[in-house]
Each structure stands twice: as structure tokens, then as C-alpha cells.
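Below you'll find the structure, written out as C-alpha cells, and then a few comments.
Number of protein chains: 2
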Amino acid sequence: MNLNYDTTVGKLREHSDHEIFDAFLTYFSDYTKHQLSTDHRKMIRDAFKLKKISKRQFLLREGEVCKYISYVVSGALRTYSINERGQESIIVFALEGEWVSDWESVNLKTPGNYYIDAIEDSVVLQISPAELLSLAEKIPAIDQFMHLEHGAITITTQKRIHSAISMSAEERYHELLKSHPQYFRRFSQNMIASYLGIKPETLSRLRRR
Amino acid sequence: MNLNYDTTVGKLREHSDHEIFDAFLTYFSDYTKHQLSTDHRKMIRDAFKLKKISKRQFLLREGEVCKYISYVVSGALRTYSINERGQESIIVFALEGEWVSDWESVNLKTPGNYYIDAIEDSVVLQISPAELLSLAEKIPAIDQFMHLEHGAITITTQKRIHSAISMSAEERYHELLKSHPQYFRRFSQNMIASYLGIKPETLSRLRRR
DNA sequence: AGGATTTTTTGATAAATGTCAAAAGATAGG
DNA sequence: CCTATCTTTTGACATTTATCAAAAAATCCT
Numbered sequence: 009m010n011l012n013y014d015t016t017v018g019k020l021r022e023h024s025d026h027e028i029f030d031a032f033l034t035y036f037s038d039y040t041k042h043q044l045s046t047d048h049r050k051m052i053r054d055a056f057k058l059k060k061i062s063k064r065q066f067l068l069r070e071g072e073v074c075k076y077i078s079y080v081v082s083g084a085l086r087t088y089s090i091n092e093r094g095q096e097s098i099i100v101f102a103l104e105g106e107w108v109s110d111w112e113s114v115n116l117k118t119p120g121n122y123y124i125d126a127i128e129d130s131v132v133l134q135i136s137p138a139e140l141l142s143l144a145e146k147i148p149a150i151d152q153f154m155h156l157e158h159g160a161i162t163i164t165t166q167k168r169i170h171s172a173i174s175m176s177a178e179e180r181y182h183e184l185l186k187s188h189p190q191y192f193r194r195f196s197q198n199m200i201a202s203y204l205g206i207k208p209e210t211l212s213r214l215r216r217r
Numbered sequence: 009m010n011l012n013y014d015t016t017v018g019k020l021r022e023h024s025d026h027e028i029f030d031a032f033l034t035y036f037s038d039y040t041k042h043q044l045s046t047d048h049r050k051m052i053r054d055a056f057k058l059k060k061i062s063k064r065q066f067l068l069r070e071g072e073v074c075k076y077i078s079y080v081v082s083g084a085l086r087t088y089s090i091n092e093r094g095q096e097s098i099i100v101f102a103l104e105g106e107w108v109s110d111w112e113s114v115n116l117k118t119p120g121n122y123y124i125d126a127i128e129d130s131v132v133l134q135i136s137p138a139e140l141l142s143l144a145e146k147i148p149a150i151d152q153f154m155h156l157e158h159g160a161i162t163i164t165t166q167k168r169i170h171s172a173i174s175m176s177a178e179e180r181y182h183e184l185l186k187s188h189p190q191y192f193r194r195f196s197q198n199m200i201a202s203y204l205g206i207k208p209e210t211l212s213r214l215r216r217r
């Protein structure tokens with residue numbers, strides 16, 4: 009469906025596909041403290057689809073049914089919506105080591121309301137929820153990994169909801185500075201504002217203080 | 009630690025503990041389409057602790073380490089925080105069939121920032137995350153149940169974040185009316201306002217239109 | 001039922017944030 | 001290196017939401 013940018017984007021050639029999968033497998037066998045048999049490693053390799061996307065390329069558009077959950081190997085992506093007035097709101101940033109998807113669309117198989125695109129040239133590993141569940145049934149490490157990941161995602165979202173409903177724009181800004189200083193290095197202020205749910209002008213004024 | 013209100017709250021006597029567990033087991037063997045062996049049913053019964061709490065009683069206070077994940081059998085609870093200015097913000101409502109916990113505290117075993125209390129007389133089934141994981145390892149139905157529940161929770165929180173950062177108070181109010189009309193029947197406007205992240209006065213004014 | 005308590009509404013005003021327009025500054029690509 | 005484009009800042013003003021106080025309405029308790 010999307011072009012494969014391998015041939016045009018030099019940076020994406022830095023690591024071979026083999027090295028990427030290897031790093032991924034090592035990462036999460038460490039994470040779960042399970043040994044992975046050669047057999048299991050092969051099953052995992054076969055189940056995930058490696059995808060390289062360049063800056064501004066889309067993984068998903070509004071109205072499409074989201075087919076995959078994507079693990080970010082490198083780079084940065086965002087999930088965002090655009091409302092009737094043309095206003096963009098960034099729901100999540102996904103950096104290396106994080107998962108991204110339109111969770112409603114991918115679970116319910118309904119057309120989604122979100123766009124997902126790459127903020128930087130990125131590499132992701134994609135898998136459908138059904139395949140992931142089936143892997144989890146066969147490979148305990150994957151099963152455990154999913155439980156752990158879910159726990160981590162739930163913590164993050166609980167915090168985000170808390171800050172969105174209980175803090176002023178200024179407090180949210182300061183909290184984000186503390187909790188995610190990387191965001192300010194990697195993303196434009198327009199994007200930070202959109203993530204905080206405020207206008208770029210407001211963010212600019214908060215910063216002046 | 010907490011008093012058991014069985015003897016004082018008539019309403020809580022409507023169902024015997026046995027009936028409650030039975031309904032719970034049936035509910036989720038239906039949900040997961042797995043048959044539960046007598047053995048597995050017993051293991052689940054033993055792992056979950058039934059707790060009856062009356063209106064305004066706390067399941068968790070700020071500063072405590074949250075020990076349990078609670079499945080709401082009947083009634084309604086809320087998770088909320090109180091900031092420096094004494095301002096209450098409701099992070100989630102949990103009705104029958106939903107799970108409630110301070111996810112950060114319970115997963116990281118750190119003192120939490122939230123209160124959890126009962127809005128109505130309620131019955132919950134409690135289990136520690138460690139025990140739940142260990143059950144999941146032994147009982148496929150539980151394992152599958154957790155994966156499904158996590159999926160559902162992720163959908164809900166994604167929606168909540170979206171509405172919190174991309175909508176005005178008025179839009180959030182109308183959305184909540186559509187998505188959760190039960191809330192308006194069961195909870196005071198003070199609580200609805202706190203859930204929407206606005207003042208009760210503002211909610212009252214939105215309603216007038 | 002009746003008084004106490006809590007919740008909801010209303011009004012006047014203040015504070016926070018948004019809107020629109022334009023300038024200044026930064027960045028990307030030829 | 002220069003121009004076109006995009007991002008950030010600033011200003012004037014509009015709108016939304018909060019704050020504080022008090023009245024009205026609903027609910028709780030005995």
C-alpha cells in the first residue's frame with residue numbers, strides 16, 4: 009500500500025533488517041527474562057513485519073481500519089486527530105521502544121478517527137492483534153511481555169488523564185518539561201502545544217516566563 | 009483493615025457470597041468462551057477476595073501503596089485526586105463489570121496519589137497483580153480475559169485523552185451525555201463536573217442551554 | 001414532617017486561554 | 001548563499017472558564 013522508502017532514504021540503511029530483528033529479540037528476552045528457543049525466535053521473526061517509514065509518511069489515515077500494532081524500533085511517530093475546525097490534537101507520541109496503534113480501530117476493526125505518521129525517519133515492527141495473541145498463546149515470553157507492556161501503557165495513560173483534567177495549561181507544561189524533556193528536544197513547539205491541548209501562541213507565552 | 013459492613017448494610021445481604029462468585033465465574037467463562045473446570049473455578053474463588061463496601065468508604069487513600077486490582081461486581085466507585093488547592097478531580101468512574109485500581113501504585117508498588125472510594129454501596133472482588141498473573145499462567149481463560157480487558161481499557165482511555173485535550177468543556181459535556189448517560193443518572197453534578205475537569209458552576213451553566 | 005446539610009443555580013467579576021494578524025526568526029532546498 | 005516556507009513570537013482583542021458570594025432547590029436524618 010505504501011511505498012517502501014528503502015532505496016531513497018540513506019539513513020534507513022544504517023542497520024540491516026537482520027540486526028534490527030536481533031536487537032528486538034534480545035531486548036525483549038532480557039525484558040521478560042525468558043530464554044527464547046531458535047524455534048520461537050523464528051516464529052517471532054515471521055510474525056512481525058518490518059517497515060521503514062520516512063518523515064511525514066503515514067502509517068494510518070482517518071477513516072481507515074487500523075490493521076496493526078507497531079513497535080517503534082527507532083525514530084518517532086505520533087497519533088493525532090483533526091476536528092471539524094481543522095484543529096490538530098496529538099494523542100500520543102511514540103518513541104523508540106514504545107507501541108503505537110489506533111487502539112479502538114485495531115481492536116474493534118472499525119474505521120478510526122486518527123492519523124498516525126512519522127515525525128522522524130523511523131523503523132517499526134508491525135503485527136496484527138490476532139497474530140500477537142496467537143503468538144502469546146504459543147510463546148510464554150510474548151504472553152508475559154504483553155502483560156508487562158499493558159501495565160506500562162496503563163500507567164502512562166492514567167497519568168496523562170490526570171494531568172489533562174486536573175491541571176492548568178501552565179502546570180501541564182511544567183509537568184511535561186519534567187517528565188518528558190526529550191519531547192522538547194525532538195518535537196516542534198507546535199506539536200508540543202498540540203500534545204498539551206493548547207495553542208502554539210499560548211505555549212510561547214508560557215515559555216516567556 | 010476496613011470494617012466489614014455486612015451486618016449493618018441490609019442491601020449488601022441481597023446476594024450471598026456464593027451467588028456472587030458464581031455470577032462472576034459464569035460471566036467470564038461466557039466472555040472468554042472457555043470452559044472452566046471445577047479445579048479452575050476453585051482456584052479463582054480462592055484467589056479473589058470478596059469485599060463489600062458501603063457508600064463513602066475508601067478502598068485506597070493518597071499515600072498508600074495500592075495492593076489490589078478490584079473488579080466491580082455491583083455498585084459504583086471512583087478514583088480521584090486532590091491537589092494543593094484542595095481541588096478534587098475524578099480520574100475514572102468504575103461501574104459493575106469494570107476494574108479499578110491505582111495502576112501506577114499497584115504496578116510499581118509505590119505510594120499512590122489517588123483516593124478510591126465507593127459512590128454507592130458496592131461489592132468488589134480483589135486480587136493482587138502478582139496473583140492475577142500467576143492465575144493467568146495456569147488458567148488460559150484468565151489469561152485471555154486479561155488480554156481482552158486490557159484491550160477494552162486501552163480503548164476507553166484513548167477516548168478519554170482525546171476528549172480531554174481536543175474538546176471544549178461544552179463539547180466534552182455533550183460527548184459524555186451521549187457516551188455515558190448512566191453517569192448522569194447515578195452521579196451528582198459535582199462529580200460529573202470533576203470528571204469533566206470543570207467547575208460545577210460551569211457545568212450548571214452549560215446545562216441551562 | 002421539619003430542620004440541617006448538601007447540591008445546584010445565579011450573578012458579578014477576574015483570570016486563563018483562544019483568535020486573528022503581522023513581524024521576526026529559523027530551516028530546507030535549489 | 002538566497003529565497004521560499006515554516007515556526008515562533010508579539011500585540012490587540014474576544015471568548016471561555018474560574019472565582020467568590022449568595023440564593024434556591026434538593027436531600028438527608030431523625
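Protein chains in written order, with the numbering used here: chain A, 9 to 217; chain B, 9 to 217.
Even glycine gets a Cβ: it sits at the ideal position worked out from N, Cα and C.
This one's a predicted model, so the numbers in the text were calculated from it and none came from an experiment.
Between the region 44-51 of chain B and the region 163-171 of chain B there are fewer than three inter-stretch CB-CB distances shorter than 8 Å, so the stretches are not counted as touching.
What His-188 (chain A) touches in chain B, judged by beta-carbon distance under 9 Å, is nothing: the nearest beta carbon there is about 15 Å away.
Membership of Tyr-79 (chain B) in the beta strand (DSSP E) is indicated by the continuous run 77-82. Taking 8 Å as the CB threshold, Lys-207 (chain A) stays off the interface with chain B.
Look at His-170 (chain A): its C-beta is under 8 Å from a C-beta on chain B.
Each of A:Glu-104, A:Cys-74, A:Gly-83, A:Asp-30 was checked against the Cα of Thr-46 (chain A), and the nearest Cα belongs to A:Asp-30. Of all residues in the region 79-90 of chain A, the ones placed with a Cβ closer than 8 Å to any Cβ belonging to chain B are Ser-89, in chain order.
Per the coordinates, the alpha-carbon of Val-114 (chain B) lies some 7 Å from the alpha-carbon of Pro-137 (chain B). Secondary structure note for Lys-167 (chain B): its alpha helix (DSSP H) is the uninterrupted segment 148-174.
With contacts defined by Cβ atoms closer than 8 Å, Tyr-76 (chain A) and Gln-134 (chain A) form a contacting pair. Membership of Glu-209 (chain A) in the alpha helix (DSSP H) is indicated by the continuous run 208-216. Residue state for Lys-186 (chain A) is assigned as helix, using DSSP reduced to three classes. Residue contact check for Met-154 (chain A) against chain B: a CB pair falls below 8 Å. Ranked by how close their Cα comes to the Cα of Asn-121 (chain A), the residues A:Glu-72, A:Ala-149, A:Val-131, A:Ser-196 have A:Glu-72 in first place. Within chain A, His-158 have C-beta atoms less than 7 Å from the C-beta of His-158 (chain B), given in sequence order. In this structure Arg-64 (chain B) does not touch Ala-102 (chain B) by the C-beta definition: roughly 15 Å separates them, more than the 8 Å allowed.
A Cβ-Cβ distance of about 6 Å is found for the pair Trp-107 (chain B) and Tyr-79 (chain B), placing them in contact under the 8 Å criterion. Using a CB distance cut-off of 8 Å, Gln-197 (chain B) does not count as an interface residue toward chain A.
Trp-111 (chain A) belongs to the set of residues whose beta carbon lies under 8 Å from a beta carbon in chain B. The beta carbons of Val-131 (chain B) and Ile-28 (chain B) sit about 6 Å from each other, so the pair counts as a contact at 8 Å. Rounded to whole angstroms, Arg-215 (chain A) and Tyr-123 (chain A) show a C-alpha spacing of 28 Å.
Any Cβ of chain A closer than 8 Å to the Cβ of Lys-167 (chain B) would place that residue at the interface, and such an atom is present. With a beta-carbon spacing of about 6 Å, Asn-91 (chain A) and Ser-174 (chain B) fall inside the 8 Å limit used to define contacts.
At a C-beta separation below 7 Å, Leu-141 (chain A) has these neighbours in chain B: His-155.
Think of a sphere of 8 Å around the beta carbon of Asp-125 (chain A): no beta carbon from chain B falls inside it, the nearest being about 17 Å out.
Considering only A:Val-81, A:Leu-184, A:Arg-217, the residue with the shortest C-alpha distance to Tyr-203 (chain A) is A:Leu-184.
Interface annotation, Ser-97 (chain A): in contact with chain B, CB-CB separation under 8 Å. Setting aside the 5 residues that flank it on each side, Leu-67 (chain A) is surrounded in the same chain by Ile-124, each with a C-beta closer than 6 Å to its C-beta; the list follows chain order. The alpha-carbon of Phe-36 (chain B) is positioned some 22 Å away from that of Lys-146 (chain A). For Val-73 (chain B), no alpha helix (DSSP H) run applies, since DSSP gives it neither H nor E. Between the alpha carbons of Arg-217 (chain B) and Gln-197 (chain B) lies a distance of about 16 Å. Separation of the CB atoms of Leu-44 (chain A) and Ala-149 (chain A) is rounded to 6 Å, and the pair is thereby assigned contact status at 8 Å.
Note on geometry: alpha-carbon atoms of Gln-95 (chain B) and Ile-206 (chain B) lie some 11 Å from one another.
Interface residue (Cβ-Cβ distance to chain A less than 8 Å): Ser-174 (chain B) is classified as such. Identification of chain B residues near Thr-162 (chain A) by a Cβ-Cβ cut-off of 7 Å yields Trp-111, Ile-161, ordered along the chain.
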